[in-house]
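**Q** Structure incoming, see below.
Chains as they are written, first to last, in my numbering: chain A, 1 to 62; chain B, 1001 to 1807.
In structure tokens form, the structure reads like this:
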């Protein structure tokens, strides 16, 4: 029985963590453009000058 | 149309021999864009892109007259950086997104450039001066993309925030459903393996702890809608849902407190979870259609050029115009305001307001209306009316009157709920009373059985029956370029018995084409002159002639015609009067329509007659509809001869010409009073009241803004076949919805007797609810499976270039 008392809170905590992560992702606009997100992974930056690369990675959504 | 030589290396449109940059490019703009990409080292764009024939070709507009004041909607943050939201037109595929972002990021002033591919919107942040924006976005415009600034607050709020709320509720419900189900499975297993009462109660308490707050939050969309309906004295599907969830949770809590074995936390929260999935997908599908429709509308948005008293020009939004302002309308530009011409002489295309296909001559003193297009020469217009005094606001008033009829339409789901809720609720009450008074058990156990009836009949499958079908139907139509904007549009579409068509721009393309076969050398001469002009008739001549080189030294006299000097004297191309042709000059006058005359010294004048051509598939579409026994009517504001001609060609028996907007709307009203359901298909401002009055309505994407707003469905592309496609999908969707209702009722017929007699356990309820929902969803998916073939036929492969994309 005592293992239940430990496991149930752990399960709930992990679930809540997932829920929190999802709500955070939703709030930060990561679900605004599902189509774009699916395609973006295919972009390669061969053509972008090296100096521009650093900026490209830093510009997450606000 | 010319025989295409090859495809333009930039935009993919066919290159004609008269192109200045042949044979590789269709126009100088495309050649420039290609060169610019070469300089920037971004030519890999051409390798990775896939041209979508449904999207406007990526051709830089050389004659793009109206520009925007980009600084007006830009906002400046506290850190001194500027932000602007722009609609992007011309995105074909992900490579376009990459190209736009890369082009913008090459500019060191740009902090952030991110294109949302779903909504085709660009968010741009930059540092420095606000006015730098024009330099920043110039490379993107040079590629052929069109950028239109917009105010996100005005557009997105309603649908987006509602959908985000649904998604948050969905996440909470999903979390709770998963965890409660985990505990419930243990409890159910405990029935058979002898779980102790204390452990069971502990599990129930934990379930309650998760389910109660989750249901309180995730159920909000349902509770709100149910309350709203009850306040208005109506019943909708959300009333039985809310009641079922609340009673199930309340009873389960009571059971838990009393330490009883049965609790329904899992059923209640899973129900919410399933319903939220349906509702979220439904909202998202409609949101996509609506955002596509908004996108189309914003493309028509134009700033107007105001000329200040000191002579300076300023771009302002049309709604900021005040009476007395002088506005410049360039040739080819859409006029944004109602006013009086003070200077200039030109032809005005009024087809969008009146349906009249021949341009109207405008002189100082003539009145012009917002929405019409200035064709041949610049005009200065004094603004006479704004706001409530414009022609447009008059139309809006007519529309509001006409719309009241449609507001009374009750969706099928609500009609079912109206019949279903009282039956279920009285059944539940009867169960309670029956068990308590007749069955002789305690009131608590009787209440248990009564609530079990509510839970088992809780309309999970019933509430999913409509939305899942809607999602799939709207998605399928969206892929075919048909945007369903209204929630009940597809339902209403299945009821129609007649279709009322507008003529100009709906059955026809709204573009004149040369009729007949004039003598080759005359045509070449005329077309050579016409190549210097933007007049629609001139363009039609050039199109008909094919390979034409523009003749030099041609002068245009606005509203009259073109003149050049030949070896033997002046050569004129233009109106009958301009070419000095007497009224009774020999001409085969059986063909009517807009005309041009070509007069050369000493030679009999040649007449070119034009006709607004039908959409290419109009005859088949009309034929198919007639075979299905749909009654068709043609109502047009155009002159009688043109309307009769078209009606006879297409075989539409009922037609009326010279119809005013009010007459059109009244015609529909009279028919609907007689019990007929009509689909109105129209594009003009004069069709808007009729679109609002009809049982269902469709508009092409080229339609006036107000008509697109009034229409339930907007279709893109040159094919009228969209009408049939929409009706077909609506009918299939309707039969699937009916099947789904039948399945739900069948399920209830089996389970209700069990619930009434008190045999239902939480395990049984969970299995029954999930399986019935899955059956309904699987049935709806059949619409998706059938869509394979027609979809392929209507969407051309992305690599195959089509001429219609640029038309």
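Glycine residues also receive a C-beta, built at the ideal position from the N, C-alpha and C atoms.
#1: Could I get the ranges of all uninterrupted beta strand (DSSP E) runs contained in the stretch 1087 to 1146 of chain B, with 3 residues as the minimum, in chain order?
#2: At which residues does the beta strand (DSSP E) containing residue 1210 (chain B) begin and terminate?
#3: Give the straight-line distance between the Cα atoms of residue 1438 (chain B) and residue 1628 (chain B), rounded to the nearest whole angstrom.
#4: Quick one: is residue 1429 (chain B) buried, meaning 16 or more other Cβ sit within 10 Å of its Cβ, or exposed?
#5: For residue 1347 (chain B) versus residue 1083 (chain B), is the C-beta spacing smaller than 8 angstroms?
#6: Name the one or two DSSP bridge partners that residue 1338 (chain B) has.
#7: For chain B, find out if any of its Cβ atoms is closer than 8 angstroms to the Cβ of residue 23 (chain A); answer yes or no.
#8: Can you pull the DSSP bridge partners for residue 1612 (chain B)?
#9: State yes or no: is the C-beta of residue 1553 (chain B) within less than 8 angstroms of the C-beta of residue 1572 (chain B)?
#10: Measuring only between beta-carbons, confirm whether residue 1094 (chain B) sits less than 8 angstroms from chain A.
#11: DSSP three-state label for residue 1659 (chain B), please.
#12: Contact criterion: CB-CB distance below 8 angstroms. Does residue 1167 (chain B) meet it with respect to chain A?
#13: Consider the Cβ of residue 1010 (chain B): report whether some Cβ of chain A lies at a distance smaller than 8 angstroms.
#14: Distance, Cα to Cα, residue 1476 (chain B) vs residue 1288 (chain B)?
#15: Just to confirm before moving on: does the CB-CB distance between residue 1696 (chain B) and residue 1712 (chain B) stay below 8 angstroms?
#16: Whole angstroms is fine: what's the gap from residue 1752 (chain B)'s alpha carbon to residue 19 (chain A)'s?
#17: Closest to residue 1469 (chain B) by C-alpha separation, out of B:1316, B:1035, B:1281, B:1184, would be which residue?
#18: Could you give the distance in angstroms between the alpha-carbon of residue 1254 (chain B) and the alpha-carbon of residue 1260 (chain B)?
#19: Relative to the C-alpha of residue 1351 (chain B), which candidate in B:1455, B:1509, B:1060 has its C-alpha closest?
#20: Beta-carbon within less than 6 angstroms of residue 1180 (chain B)'s beta-carbon, same chain only, minus the 5 sequence neighbours each way: which residues are those?
#21: Under three-state DSSP, which class holds residue 1696 (chain B)?
#22: In angstroms, rounded to a whole number, what distance separates the CA positions of residue 1124 (chain B) and residue 1705 (chain B)?
#23: Classify residue 1553 (chain B) as helix, strand or coil using the three-state DSSP reduction.
#24: Kindly indicate the opening and closing residues of the beta strand (DSSP E) around residue 952 (chain B).
#25: List, in chain order, every chain B residue whose beta-carbon is nearer than 7 angstroms to that of residue 10 (chain A).
#26: For residue 1561 (chain B) versus residue 1574 (chain B), is the C-beta spacing smaller than 8 angstroms?
#27: Could you check whether the Cβ of residue 1117 (chain B) sits closer than 8 angstroms to any Cβ belonging to chain A?
#28: Could you tell me how far apart the beta carbons of residue 1542 (chain B) and residue 1741 (chain B) are, in whole angstroms, since I believe they sit closer than 8 angstroms?
#29: Is the beta carbon of residue 1736 (chain B) sitting closer than 8 angstroms to the one on residue 1782 (chain B)?
#30: How far does the beta strand (DSSP E) with residue 1501 (chain B) in it extend, from its first residue to its last?
#31: Buried or exposed for residue 1709 (chain B), please, with buried defined as at least 16 other CB atoms from any protein chain shown within 10 angstroms of its CB.
#32: Using the beta-carbon of each residue, which ones in chain A are nearer than 7 angstroms to residue 1164 (chain B)?
#33: Under 7 angstroms Cβ to Cβ from residue 1488 (chain B), same chain only, skipping five residues before and after it: list those, please.
#34: Let me check you understand the geometry: is the CB of residue 1523 (chain B) closer than 7 angstroms to at least one non-hydrogen atom of the ligand MN?
#35: Can you find a CB in chain D that lies within less than 8 angstroms of the CB of residue 6 (chain A)?
#36: Cβ of residue 1335 (chain B) within 8 angstroms of Cβ of residue 1372 (chain B)?
**A** In brief:
#1: Within the stretch 1087 to 1146 of chain B, the complete beta strand (DSSP E) runs of at least 3 residues are 1110 to 1116, 1121 to 1126.
#2: Indexing the second chain from 1 puts residue 1210 (chain B) at position 210. Counting along the chain, residue 1210 (chain B) falls outside any beta strand (DSSP E), though it belongs to the alpha helix (DSSP H) covering 1197 to 1218.
#3: As a working mapping, residue 1438 (chain B) is identified with position 438 in the second chain. As a working mapping, residue 1628 (chain B) is identified with position 628 in the second chain. Approximately 58 angstroms, taken between the alpha carbons.
#4: Taking the second chain and counting its residues from 1, the one referred to as residue 1429 (chain B) is at position 429. The Cβ neighbour count for residue 1429 (chain B), taken over all protein chains shown within 10 Å, is under 16; the residue is labelled exposed.
#5: Numbered from 1 along the second chain, position 347 holds the residue referred to as residue 1347 (chain B). Numbered from 1 along the second chain, position 83 holds the residue referred to as residue 1083 (chain B). No, the Cβ-Cβ distance between residue 1347 (chain B) and residue 1083 (chain B) is not below 8 angstroms.
#6: Reading the second chain from its first residue, position 338 is the one you call residue 1338 (chain B). Residue 1338 (chain B) has B:1385 as its beta-bridge partners, per DSSP.
#7: Numbered from its first residue, the first chain carries residue 23 (chain A) at position 23. Closer than 8 angstroms to some Cβ of chain B, the Cβ of residue 23 (chain A) qualifies, so yes.
#8: The sequence position of residue 1612 (chain B) within the second chain is 612, counting from 1. Looking at the DSSP output, residue 1612 (chain B) sits in a beta bridge with B:1512.
#9: Within the second chain, the letter at position 553 stands for residue 1553 (chain B). Within the second chain, the letter at position 572 stands for residue 1572 (chain B). The Cβ atoms of residue 1553 (chain B) and residue 1572 (chain B) lie no closer than 8 angstroms to each other.
#10: One-based indexing of the second chain puts residue 1094 (chain B) at position 94. Put simply, the CB of residue 1094 (chain B) is near chain A, with a gap under 8 angstroms to one of its CB atoms.
#11: In the second chain, residue 1659 (chain B) corresponds to position 659, counting from 1. Coil, per DSSP.
#12: Here residue 1167 (chain B) refers to the residue found at position 167 when the second chain is read from its first residue. Closer than 8 angstroms to the CB of residue 1167 (chain B) there is at least one CB belonging to chain A.
#13: If you number the second chain from 1, residue 1010 (chain B) lands on position 10. Contact of residue 1010 (chain B) with chain A is not assigned, every C-beta pair being separated by 8 angstroms or more.
#14: The residue labelled residue 1476 (chain B) in the question sits at position 476 within the second chain. The residue labelled residue 1288 (chain B) in the question sits at position 288 within the second chain. The alpha-carbon atoms of residue 1476 (chain B) and residue 1288 (chain B) are separated by roughly 12 angstroms.
#15: Residue 1696 (chain B) sits at position 696 when you count from the first residue of the second chain. Residue 1712 (chain B) sits at position 712 when you count from the first residue of the second chain. Closer than 8 angstroms, so yes.
#16: Taking the second chain and counting its residues from 1, one reaches residue 1752 (chain B) at position 752. Taking the first chain and counting its residues from 1, one reaches residue 19 (chain A) at position 19. Put simply, the backbone Cα of residue 1752 (chain B) is about 36 angstroms away from that of residue 19 (chain A).
#17: Taking the second chain and counting its residues from 1, one reaches residue 1469 (chain B) at position 469. The shortest Cα separation from residue 1469 (chain B) among B:1316, B:1035, B:1281, B:1184 belongs to B:1281.
#18: For the purposes of this step, residue 1254 (chain B) is taken as residue 254 along the second chain, with counting starting at 1. For the purposes of this step, residue 1260 (chain B) is taken as residue 260 along the second chain, with counting starting at 1. The alpha-carbon atoms of residue 1254 (chain B) and residue 1260 (chain B) are separated by roughly 9 angstroms.
#19: In the second chain, counting from the first residue as 1, residue 1351 (chain B) sits at position 351. Distances from the CA of residue 1351 (chain B) to each of B:1455, B:1509, B:1060 were compared; the closest alpha carbon is that of B:1509.
#20: As a first step, residue 1180 (chain B) is located in the second chain; it is residue number 180 there, counting from the start. Residues 1207, 1210, 1211, 1265, 1266, 1269 of the same chain have their beta carbon placed closer than 6 angstroms to that of residue 1180 (chain B), with the five preceding and five following residues left out of the count.
#21: Numbered from 1 along the second chain, position 696 holds the residue referred to as residue 1696 (chain B). Strand, per DSSP.
#22: Start at 1 with the first residue of the second chain, and residue 1124 (chain B) comes out as number 124. Start at 1 with the first residue of the second chain, and residue 1705 (chain B) comes out as number 705. Each residue's Cα considered, the two are about 27 angstroms apart.
#23: By 1-based counting over the second chain, the position of residue 1553 (chain B) is 553. Coil at residue 1553 (chain B), not helix or strand.
#24: What the structure shows of chain B is the stretch from 1001 to 1807, and residue 952 (chain B) is not part of that stretch, so it cannot be assessed.
#25: Counting from one through the first chain, the residue named residue 10 (chain A) turns up at place 10. Chain B residues near residue 10 (chain A): none, gap ~12 angstroms exceeds 7 angstroms.
#26: The residue labelled residue 1561 (chain B) in the question sits at position 561 within the second chain. The residue labelled residue 1574 (chain B) in the question sits at position 574 within the second chain. Going by C-beta atoms, residue 1561 (chain B) is nearer than 8 angstroms to residue 1574 (chain B).
#27: Translated into positions along the second chain, residue 1117 (chain B) becomes position 117. Nearest CB-CB separation between residue 1117 (chain B) and chain A: below the 8 angstroms threshold.
#28: In the second chain, counting from the first residue as 1, residue 1542 (chain B) sits at position 542. In the second chain, counting from the first residue as 1, residue 1741 (chain B) sits at position 741. Not quite, the Cβ-Cβ distance comes to about 57 angstroms (not below 8 angstroms), so this is no contact.
#29: As a working note, residue 1736 (chain B) is residue 736 in the second chain. As a working note, residue 1782 (chain B) is residue 782 in the second chain. In contact: residue 1736 (chain B) and residue 1782 (chain B) (Cβ atoms closer than 8 angstroms).
#30: Residue 1501 (chain B) sits at position 501 when you count from the first residue of the second chain. Run containing residue 1501 (chain B): 1498 to 1501, per the beta strand (DSSP E) assignment.
#31: In the second chain, the residue the question calls residue 1709 (chain B) occupies position 709. Classification of residue 1709 (chain B): buried, given that the 10 Å Cβ count is 16 or more.
#32: Stepping through the second chain from its first residue, residue 1164 (chain B) is reached at position 164. Near residue 1164 (chain B) (Cβ distances below 7 angstroms), the residues of chain A are 26.
#33: Here the question's residue 1488 (chain B) lines up with position 488 in the second chain. Same-chain partners within the cutoff: 1409, 1411.
#34: For the ligand MN, the structure offers nothing, since it holds no ligand at all.
#35: Of the chains in the structure shown, none is chain D; the protein chains are A and B.
#36: For the purposes of this step, residue 1335 (chain B) is identified with residue 335 of the second chain, where counting begins at 1. For the purposes of this step, residue 1372 (chain B) is identified with residue 372 of the second chain, where counting begins at 1. With a cutoff of 8 angstroms on beta-carbon distance, residue 1335 (chain B) and residue 1372 (chain B) are scored as near each other.
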